[in-house]
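Sequences listed follow chains U and R, in order.
555 is the number that the numbering used here gives to position 214 of the first sequence; each next residue is one higher, with no gaps.
82 is the number that the numbering used here gives to position 80 of the second sequence; each next residue is one higher, with no gaps.
Reading through the structure tokens given below for one structure.
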Amino acid sequence: MKLWHSFVKELQLSSKSWYFYIEVGMAVVLLLILLVAVPKETDSRTDEYLYAGDIPSDYVDLIYRGLLDDEDEDSEYERVEIKVGGDLFGADLFVTDTRNIYFVDDREAVLRLAKEDKEVGIEIIPASDGGLDYLYYLQGYESQKLKNLYMVLQNNKVNYKFVERHMDRQTVETIEKDPFVLNNRENIVPVFLTYNGSLMGLFIIAAYIFLDKKEGIAMAYAVTASKVWHYLMSKIGVMMVTTISTGLILVIPVMGARANYPLLLLLVVTTAFAFSSLGLLVTTYYRDMMQSFGAFFIIIVAMILPNVSYFAPSWEPSWIKYFPTYHILEGFKEAISIGGSAGYVVFVSIGFLAAGLLLFLFANYRFKKTLTI
Amino acid sequence: MISVKNLYHSYSNDEKYAVKDVSFEITEGEVFGFLGPSGAGKSTTQGILTGLLQLQKGDVTVAGYDIKHIKNEMFNKIGMSFEQSNVYSKMTGKENLEFYRKLFDVKTRDPQELLELVGLGDKGDIKAGEYSKGMKHRLTFARSMINNPTLWFLDEPTTGLDPSIASEIKSIIKEKNREGVTIFLTTHNMFIADELCDRVGFIVDGEIKLIDSPKNLKLQYGEKFVDVEYVDGKEAKKESLSFMEKEDIGRLKEILDSYEIRTMHTKEATLEEIFIKVTGRELV
């Protein structure tokens with residue numbers, strides 16, 4: 342009962358404190374960013390600007406037809422105007438699955454697009470052998486590999502047909518049929534849940550504890566018949582409630598009914614518990630928030646690292662899996678994906694629960710010595 | 003009720019002791035004053051007795067509990083009023099007391115009754131953050147009584163209070179003592195100690211210099227004086243004469259026989275004067 346009374350009191354106090362509203366406000370801001378600034382699907386097509394004015398019109402017709410036949414046989418091109426600096430230039434636009442190809446009327450447009458807008462400009466010119474050469478206007482920082490690739494693809498320096506045949510012979514096997522893929526917006530939800538949810542308890546709980554110490558409230562609590570762990574657990578309880586609230590603010594509008602909410606809440610609660618316990622433990626080594634700031638900064642920066650491999654899966658060194666946030670991110674991803682691995686989420690949650698318990702026990706042991714100092 | 007034997011405490015965990023070889027005993031129902039200047043070791047000793055500081059060296063028993071192995075149930079018997087007010091500023095006075103009463107396993111007092119006792123009866127629904135310093139101090143004092151303690155630690159209970167409120171607080175302390183509550187009073191105010199304490203201990207630089215009752219101390223160290231004002235011819239004169247010196251006693255007799263006496267007052271040494279005499283230090 343004492344734990345319950347402490348928890349209710351902490352909830353009342355937190356509802357009157359700035360920290361709670363900062364967290365909720367932050368969740369709302371992140372939600373708005375997701376809904377307003379992050380498109381569901383990213384247009385990954387590249388823009389290419391070509392000038393083919395110096396080659397005979399028959400060649401141009403051939404190129405146009407080739408493009409329509411190869412990549413977008415159901416579409417026509419359209420006449421558009423593109424703005425470069427303050428000037429307008431006419432162009433024929435071909436929209437394919439992977440590219441927006443502009444055939445501009447004026448060479449100046451290609452040159453200025455490359456120079457002023459950092460775009461790739463290409464000039465098609467007659468080759469000495471009667472064919473076509475492609476003159477690329479690049480920025481200067483492109484790698485030799487990319488330059489070589491352009492040579493291979495466009496300027497017939499190697500046998501492209503050979504490369505094409507080789508690629509066609511490769512066998513691609515799909516391990517998972519019809520995998521559920523999160524859209525761009527949904528894919529960011531695990532990141533926000535991890536950093537604005539699970540990790541938030543790490544230093545918010547420290548702020549609560551240091552405030553109590555500063556105001557002498559920790560001392561007043563220490564001379565009651567209630568146990569230190571009641572005091573600590575009531576703070577963690579508040580962090581869990583806050584994390585659940587902010588998590589749901591983010592998930593419900595984006596995911597609707599598609600997320601597995603029991604799994605999601607399980608992971609939210611266990612990770613909030615583990616990181617709040619870690620926050621408690623860190624506070625036992627310092628006298629105030631200023632002193633502890635360095636330690637929290639190092640922990641948070643380290644915990645952000647798995648974010649890189651989350652967004653760039655090609656960079657996933659084996660050691661990154663030792664970072665807890667790697668598994669939180671993956672766990673949240675599974676929890677909000679249709680057909681996500683429930684086993685993985687439960688396994689990760691059990692791991693965080695166990696780690697949280699150990700951290701909490703150690704923090705409690707340390708607090709018995711340091712709460713009133 | 004309290005037994006302290008060879009208590010040492012160092013904040014730096016070395017030989018620089020804030021408290022050195024402190025020993026004393028307090029019996030049930032006694033009011034014991036722990037007196038000393040700032041930094042003398044009063045708060046450190048009190049912190050150890052209340053479990054706020056870890057016992058490093060020595061044997062300490064409080065309310066029948068060995069402080070080496072503190073049990074939470076011990077705090078059901080203890081009340082602690084801090085010098086610095088430490089209440090939840092975002093909660094009302096009544097909410098503060100309501101919350102703390104739930105943290106004990108014994109019968110507790112009605113918050114409203116306590117608020118009225120300390121003169122905050124009509125301020126119970128105001129947030130403690132809006133209280134004046136003196137009101138917060140009274141709320142902290144009231145909270146220390148919430149569990150009907152049999153051992154009451156009071157740290158500067160009247161500091162910062164106006165005289166009438168301080169007088170009420172002293173009355174409450176006396177009343178609780180009459181009910182049998184043992185009181186450990188930490189203060190540097192010798193007048194309060196003199197008024198309330200059965201015994202006092204002088205602590206300076208972490209060491210106890212002396213423990214005795216104020217009455218015995220005055221008898222032992224105090225020099226009784228008489229201030230006499232008389233008329234010599236047309237001139238009014240004043241003299242301060244000791245009861246202990248033969249020469250002064252003779253002079254007093256001479257004045258009484260020869261002159262018209264205007265006023266005459268006996269004067270006892272104060273605890274503060276005795277403290278300075280014994281420790282060579284002032285109470286700052």
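Using N, Cα and C, we set each Cβ at its ideal position, and we do this for glycine too.
Looking at the unbroken beta strand (DSSP E) that takes in residue i, where does it start and where does it end?
i             : result
residue 1/R   : The structure shown has nothing for residue 1/R, since chain R only spans 3 to 286.
residue 186/R : 184-189
residue 420/U : 419-425
residue 462/U : 462-467
residue 4/R   : 4-11
residue 554/U : Premise fails: residue 554/U lies in the alpha helix (DSSP H), 541-555, not in any beta strand (DSSP E).
residue 47/R  : Counting along the chain, residue 47/R falls outside any beta strand (DSSP E), though it belongs to the alpha helix (DSSP H) covering 44-51.
residue 475/U : 473-478
residue 28/R  : 21-28
residue 440/U : 440-445
Check whether the Cβ atoms of residue i and residue j sit closer than 8 angstroms, and answer yes or no.
i             : j             : result
residue 577/U : residue 546/U : yes
residue 526/U : residue 381/U : yes
residue 11/R  : residue 46/R  : yes
residue 155/R : residue 557/U : no
residue 531/U : residue 674/U : yes
residue 152/R : residue 271/R : no
residue 389/U : residue 442/U : yes
residue 37/R  : residue 227/R : no
residue 158/R : residue 188/R : yes
residue 184/R : residue 17/R  : no
residue 529/U : residue 375/U : yes
residue 203/R : residue 167/R : no
residue 147/R : residue 116/R : yes
residue 690/U : residue 589/U : no
residue 423/U : residue 465/U : no
Who pairs with residue i in a beta bridge, going by DSSP?
i             : result
residue 140/R : Per DSSP, none; premise fails for residue 140/R.
residue 153/R : 80/R, 184/R
residue 268/R : 228/R
residue 63/R  : 5/R, 68/R
residue 688/U : Its beta-bridge partners do not exist; DSSP assigns none.
residue 244/R : 227/R
residue 33/R  : 185/R
residue 387/U : 440/U
residue 284/U : Any answer about residue 284/U is impossible in this case: the structure gives chain U only from 342 up to 714.
With respect to the alpha helix (DSSP H) encompassing residue i, which residues constitute its N-terminal and C-terminal limits?
i             : result
residue 526/U : 525-534
residue 570/U : 569-596
residue 218/R : 216-223
residue 456/U : 448-457
residue 668/U : 665-677
residue 613/U : 602-624
residue 366/U : 359-373
residue 255/R : 248-260
residue 101/R : 95-103
residue 715/U : Nothing about residue 715/U can be reported from this structure: the residues present for chain U run from 342 to 714 only.
Got a sec? Which residues, its chain only, sit under 6 angstroms from residue i by beta carbon, not counting five neighbours each side?
i             : result
residue 453/U : 425
residue 700/U : 618, 619, 622
residue 23/R  : 8
residue 387/U : 440
residue 267/R : 229
residue 240/R : 231
residue 637/U : 544
residue 392/U : 445, 448, 451, 464
So, at 8 angstroms on beta carbons, what are the nonlocal neighbours of residue i in its own chain, with the 5 sequence-adjacent residues on each side left out?
i             : result
residue 27/R  : 4, 5, 6
residue 646/U : 661, 664, 666
residue 78/R  : 106, 107, 108, 149
residue 458/U : 425
residue 694/U : 611, 614, 615
residue 491/U : 475, 477
residue 138/R : 87, 89, 130
residue 265/R : 229, 230, 231
For residue i, which residues in the same chain have their Cβ closer than 7 angstroms to its Cβ, ignoring the five residues on either side in sequence?
i             : result
residue 542/U : 580, 584, 613, 616, 617, 620
residue 570/U : 705
residue 21/R  : 9, 10, 11, 43, 46, 47, 208
residue 562/U : 572
Does any residue of chain B bring its CB to less than 8 angstroms from the CB of residue i?
i             : result
residue 426/U : Of the protein chains in this structure, namely U and R, none is chain B.
If you pair each beta-carbon of the region 160-173 of chain R with each one of the region 189-197 of chain R, do three or more pairs fall below 8 angstroms? Inter-segment contact for the region 160-173 of chain R and the region 189-197 of chain R is present: three or more beta-carbon pairs are separated by less than 8 angstroms.
When the Cβ atoms of the region 233-244 of chain R are set against those of the region 209-220 of chain R, are three or more pairs found closer than 8 angstroms? Result no; under three Cβ-Cβ pairs closer than 8 angstroms.
At least 3 beta-carbon pairs within less than 8 angstroms: the region 115-135 of chain R vs the region 358-370 of chain U: Contact between the region 115-135 of chain R and the region 358-370 of chain U is absent, because fewer than three Cβ pairs lie under 8 angstroms.
Using 8 angstroms as the Cβ pair cut-off and three pairs as the minimum, do the region 416-423 of chain U and the region 469-481 of chain U touch? By the Cβ rule, the region 416-423 of chain U does not count as touching the region 469-481 of chain U, because fewer than three pairs are nearer than 8 angstroms.
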